[in-house]
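Participant: Counting from 32, one number per residue, gives the positions in the sequence shown under our numbering. Each residue gets a CB set at the ideal place from its N, CA and C atoms; glycine is no exception. Take this structure, written in structure tokens, and hold onto it; I'll ask about it next.
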Amino acid sequence: IDTETDDVYPIGPILEGKFKWLRGIVIGEIIYGLPCHADCILRIDTKDDTVTTIPIPYEENFENDVDSNNGVLRSKADLERYREWKYHGGAISPHDGCIY
């Protein structure tokens, strides 16, 4: 939504699925979409209307142990990657400027 003209227009690629990102955190001219059902972070550059995604390194943050999920063996990284309802909010830390 262009707040000066009230024009409404799409930007970026079509990203299929429901509830992929819930809520956004604004840092400068960038909006970061927090993943809900998505397996990555959404990045919107309001300066040039580009929309990209940032991969989350699940394998670096979760052990490679295997769990049984409904009888299917999957790594903990995969279970976390495809988990629904991951994040429902976030904030910018005044100490380091990171999003938590």
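What does the alpha-carbon distance come out to for the pair P44 and S124?
Facilitator: Cα to Cα, P44 sits roughly 30 Å from S124.
Participant: Roughly how many angstroms lie between the CA atoms of K117 and W52, to the nearest whole one?
Facilitator: Between K117 and W52, the C-alpha separation is close to 9 Å.
Participant: Does the Cβ of A69 have 16 or more other Cβ atoms within 10 Å, making it buried, or fewer, making it exposed?
Facilitator: Classification of A69: buried, given that the 10 Å Cβ count is 16 or more.
Participant: Going by other Cβ atoms of all chains shown within 10 Å of its Cβ, with 16 needed for buried, is R112 buried or exposed?
Facilitator: By the 10 Å Cβ count, R112 comes out buried.
Participant: What span of residues does the beta strand (DSSP E) with R114 cover, start to end?
Facilitator: No beta strand (DSSP E) holds R114; DSSP gives it neither H nor E.
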